[in-house]
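Trainee:
What follows is the structure, given as structure tokens:
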């Protein structure tokens, strides 16, 4: 899924006819980091999974002679009037149109997303991916993986500063991925994975959490180095668990990872309470996902029926929203 050559936008377009359309559509899904949060910042591996049950859709329509407009749940108006929170979308749209060779196209962009914002589920990366795919579809072409990643990373850089790149890869992947140093490898699934995602009700802040771990690392280097090493070890074993379909081992490692993340101060009482509720209700394992300090937890269920039970238990425990999603065997 990765090569060392810089993407060439012209070469990266696979033409199906290269005839511009008047309207097009693109899709992407959410993601969750199953293992490796924060450790990935320091060069350790991470394991991310697609959340197919949560998605983003972008509809593009050519509107020659009219100002480019955006319609979304957060904003409706021209790109010139778009507020700062819409900057990642504007950046991604411009980068995508440029990559198709039609940088000056005047379009109307309509975005619909079921992925909650600021919850560590890759909302901004998924929207940017859907927009990029719609722009390519408008020209009846396909971006290769690295070109798509480059476009989305430009949008993510506006949203998050210096993203690791894992979100941009994971929201475009159909399978779980092992991610390290910008490289993503698809992981085959040996047994169906059923996850219940529960919202803590509080925005997460990846930037704040990363800064907090950085400060803790300066103050307590031995503690943080040990945590990163343990998270890396859990990630590598979890890759094998996903491939073999050993859900009991995978769940146990999820709970171990949550304890490690809590030890470096990125969990919260609300996240801890949801993890405890999931485990008390029979989940194989549960942990926070993403940067922490808010956001969501991820619980691994053994069946569709248990997933329904977990979702109810998590809502009773305080989660304002839950979602259930699965990854099929390959």
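Numbering (the UniProt record's numbering), first residue to last: 1 to 330.
C-beta: ideal position from N, C-alpha, C; glycine also.
These numbers come from a predicted model, not from an experiment.
(1) Between the beta-carbon of residue 169 and the beta-carbon of residue 155, is there less than 9 Å?
(2) Please name the residue in 91, 320, 83, 238 whose C-alpha comes closest to that of residue 103.
(3) Please indicate yes or no: does the CB of residue 75 lie closer than 8 Å to some heavy atom of the ligand SAH?
(4) Assuming residue 213 contacts residue 266 (C-beta within less than 8 Å), just tell me the rounded distance between them.
(5) Using 8 Å as the threshold, is the segment 97 to 112 in touch with the segment 276 to 296, meaning 3 or more CB pairs across them?
(6) Do residue 318 and residue 204 count as a contact pair if the criterion is CB distance below 9 Å?
(7) Please name the residue, chosen from 94, 106, 52, 181, that lies closest to residue 41 on a Cα-to-Cα basis.
(8) Helix, strand or coil for residue 305 per DSSP?
(9) Determine, using beta carbons only, whether residue 136 and residue 23 come nearer to each other than 9 Å.
(10) Can you tell which of 39, 50, 93 has its C-alpha closest to the C-alpha of residue 61?
(11) Can you tell me whether residue 54 is buried or exposed, with buried defined as 16 or more other CB within 10 angstroms of its CB?
(12) Which whole runs of the beta strand (DSSP E) in the UniProt domain "GHMP kinase N-terminal" (95 to 168) are 3 residues long or more, in chain order?
(13) Could you give the first and the last residue of the continuous alpha helix (DSSP H) run that contains residue 211?
(14) Please classify residue 78 as buried or exposed, where buried requires at least 16 other C-beta atoms within 10 Å of its C-beta.
(15) With 16 as the cutoff for other CB atoms within 10 Å, does residue 199 come out buried or exposed?
(16) Leaving aside the five residues before and after residue 256 along the sequence, list all residues of the same chain whose C-beta is less than 7 Å from its C-beta, in chain order.
(17) How far does the beta strand (DSSP E) with residue 50 in it reach, from first residue to last?
(18) Identify the continuous beta strand (DSSP E) that holds residue 181 and give its terminal residues.
Mentor: This is what the structure gives:
(1) no
(2) 91
(3) Ligands displayed in this structure: none; no statement on the ligand SAH is therefore possible.
(4) 7 Å
(5) no
(6) no
(7) 181
(8) helix
(9) no
(10) 93
(11) buried
(12) 107 to 113, 141 to 143
(13) 206 to 219
(14) exposed
(15) buried
(16) 234
(17) 46 to 62
(18) Segment: none, residue 181 is in no beta strand (DSSP E) and carries neither H nor E.
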